[in-house]
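Scroll down for the structure; my scribbles are underneath it.
There are 2 protein chains.
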Amino acid sequence: MTKKSNSEIAYQKLKDQILENELAAGYQATEEDVARQLGMSRTPTHEALVRLQSEGLVEIRPRHGMRVLPVSIDDMREIYEILTSLESLAAGEIARKGLPEADLQALSDAVSDMDTALQADDLVAWAAADKRFHGLLVSCHGNTRVQTLVNNFMDQSHRCRMLTLKLRPRPDKSNADHAAVLDAIRRGDAEAARKIHHQHREKSAALLIELLETLGLKQL
Amino acid sequence: MTKKSNSEIAYQKLKDQILENELAAGYQATEEDVARQLGMSRTPTHEALVRLQSEGLVEIRPRHGMRVLPVSIDDMREIYEILTSLESLAAGEIARKGLPEADLQALSDAVSDMDTALQADDLVAWAAADKRFHGLLVSCHGNTRVQTLVNNFMDQSHRCRMLTLKLRPRPDKSNADHAAVLDAIRRGDAEAARKIHHQHREKSAALLIELLETLGLKQL
DNA sequence: TCAATAGTTAATGTATACGTTAATTCATAC
DNA sequence: GTATGAATTAACGTATACATTAACTATTGA
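Put into structure tokens, the structure is as follows:
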């Protein structure tokens, strides 16, 4: 098998640490420090940081080191606006063209898993299944660029979703929405699939942002 | 003033050369060759290539050198689907919230310039004004991520648009569409702005793709 | 006390040497 | 003639030394 390069390792480790909040937003360090922490030289470290910067997770400020970017409420507004637009595009299109049974089954499984998780009050599992559903939606659509973008914005907003997960009301309505989207897809009703998913994402966004505002969390 | 780094210079030069088709799609070279051509070492060259890869303009194939990515018909389908979605989002939103007179004027100027260019049969000037209109639409909306994405996808499809510019019918209808979008924005009719722009982009895409298919241009 | 400036320094940008890897070539056996 | 595998080699990955730059600091003059 082909060996992973150090820069790839650096990229994945750093990304993991950022998404899991082990490297908190606002964390700042020089490239050399990061390199030392990773046990490699600055060269592959720098390359990883450049990639993470292009994904909006860190910022490289010449002479000040890299900084893990916090996510503001406005960032979340931007991100959710895009997720809403692209995902509902995907939902509509897959309803229009129809989906092989295997894909429908995968979507259906994700919805079931969300229900199961919710009944068990396992919010982390619920979030994972929810994420899977959204990921399937765009991967079934087949536009690879949409897929990449949605994955990227899900990453950018991951920490925020995880943080608010336990602070928000139980997402029962969310599960119902997903089931309704899936139903519209099965019926081949593109307009309904698009609209329902659109409203679903808008509601999620509004909820999240209101929560952040209520809690006075400007940055996280 | 703060001096530009070599990697920045490399990035811009390479990007220019690719967009202007001086480095044709399919062009392949080792990092060392590219570096020599740019008059610098591999380090900044590599960094520039990584950036260009993240923007979808080149591909880095270990042990084979970098390659200027051709754009296929399917790529154009993907790109225009996203542009359609994000730009009509922007059109709708700016109609909804209203725009300061200066912004309206800038949009109006772009429309006028398109008309003038078309009357003078100056297709290159027309394309520039058209691009400006689309750019203004998203910059007025204010979602910086949408702006970045739209700019990036406009870049990815730039060569293709330039190539087909002289092969397509005169874009009279296109100008009328833009005027109609602007009118809807002025009236504050979000739904109309969104819909008209959506149809406009879908028509452009269909035209472009049909043209590519007719000409049998699978890659460019 | 404040502002301007020159010197200091920390951090990154860059070049380069070297190690590593995988594509290719060539020899050999069948 | 073909398939296998070892040797070759071209290209990149990595570490590191050095150059460069802009932030910082301390000094000086007002």
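In order, the protein sequence lines correspond to chains H and C. For what it's worth, this note's numbering labels the leading residue of the first sequence as 1, then goes sequentially. For what it's worth, this note's numbering labels the leading residue of the second sequence as 1001, then goes sequentially. Cβ atoms here follow ideal geometry from the backbone N, Cα and C, with glycine treated the same way.
Exposure of residue i, with buried meaning 16 or more beta-carbon neighbours within 10 Å
i: residue 215/H; result: exposed
i: residue 1064/C; result: exposed
i: residue 1148/C; result: exposed
i: residue 121/H; result: exposed
i: residue 1062/C; result: exposed
i: residue 206/H; result: exposed
i: residue 170/H; result: exposed
i: residue 1117/C; result: buried
i: residue 35/H; result: buried
Under 7 angstroms between C-beta atoms of residue i and residue j
i: residue 193/H; j: residue 179/H; result: no
i: residue 56/H; j: residue 219/H; result: no
i: residue 21/H; j: residue 168/H; result: no
i: residue 80/H; j: residue 48/H; result: no
i: residue 95/H; j: residue 177/H; result: no
i: residue 1088/C; j: residue 89/H; result: no
i: residue 59/H; j: residue 67/H; result: yes
i: residue 1032/C; j: residue 1046/C; result: no
i: residue 1127/C; j: residue 1113/C; result: no
i: residue 54/H; j: residue 1054/C; result: yes
Alpha helix (DSSP H) segment containing residue i, residue limits
i: residue 67/H; result: Premise fails: residue 67/H lies in the beta strand (DSSP E), 65-68, not in any alpha helix (DSSP H).
i: residue 1172/C; result: 1172-1187
i: residue 13/H; result: 6-19
i: residue 99/H; result: Element bounds for residue 99/H: n/a, residue is neither H nor E.
i: residue 220/H; result: Residue 220/H -> no alpha helix (DSSP H), and no H or E assigned at all.
i: residue 214/H; result: 190-214
i: residue 1157/C; result: 1144-1165
i: residue 1033/C; result: 1031-1038
i: residue 1051/C; result: 1042-1054
i: residue 1127/C; result: 1123-1141
Cβ shell of residue i (< 6 angstroms), same chain only, five flanking positions each side left out
i: residue 26/H; result: 70
i: residue 44/H; result: 6, 7, 10
i: residue 1173/C; result: none
i: residue 217/H; result: none
i: residue 1230/C; result: Examination of residue 1230/C is not possible in this model, given that chain C is present from 1001 through 1220 alone.
First and last residue of the uninterrupted beta strand (DSSP E) at residue i
i: residue 61/H; result: 58-61
Residues of its chain near residue i, where Cβ-Cβ distance is below 7 angstroms and the 5 sequence neighbours each way are ignored
i: residue 1186/C; result: 1104
i: residue 182/H; result: 107, 108, 111
i: residue 83/H; result: 150, 153, 201
i: residue 1140/C; result: 1094, 1099, 1103
i: residue 1198/C; result: 1084, 1088
i: residue 123/H; result: 165, 166
i: residue 29/H; result: 65, 66
i: residue 161/H; result: 127
i: residue 132/H; result: 110
i: residue 136/H; result: 106, 107, 110
Beta-carbon contacts of residue i that lie in its chain and below 8 angstroms, excluding the five residues immediately before and after
i: residue 1164/C; result: 1208, 1211, 1212
i: residue 146/H; result: 86, 89, 90, 138
i: residue 1115/C; result: 1175
i: residue 1076/C; result: 1157, 1160, 1205, 1208, 1209, 1212
inquiry  = So if I threshold CB-CB distances at 8 angstroms, which residues from the segment 1121-1149 of chain C count as touching chain H?
reply    = 1143, 1144, 1145, 1146, 1149
task = Name, going along the chain, the residues of the segment 1042-1065 of chain C whose beta-carbon falls closer than 9 angstroms to a beta-carbon of chain H.
result = 1043, 1046, 1047, 1050, 1051, 1054, 1055, 1056, 1062
request  = For the segment 93-114 of chain H, enumerate the residues whose C-beta is nearer than 9 angstroms to any C-beta of chain C, in chain order.
outcome  = 93
ask   = Using a Cβ cut-off of 7 angstroms, which residues of the segment 1193-1205 of chain C contact any Cβ in chain H, in chain order?
value = none
message = Beta carbons nearer than 7 angstroms to chain C: which residues of the segment 7-33 of chain H have them?
response = none
query = When Cβ atoms are compared, which residues of the segment 161-193 of chain H fall closer than 9 angstroms to chain C?
reply = none
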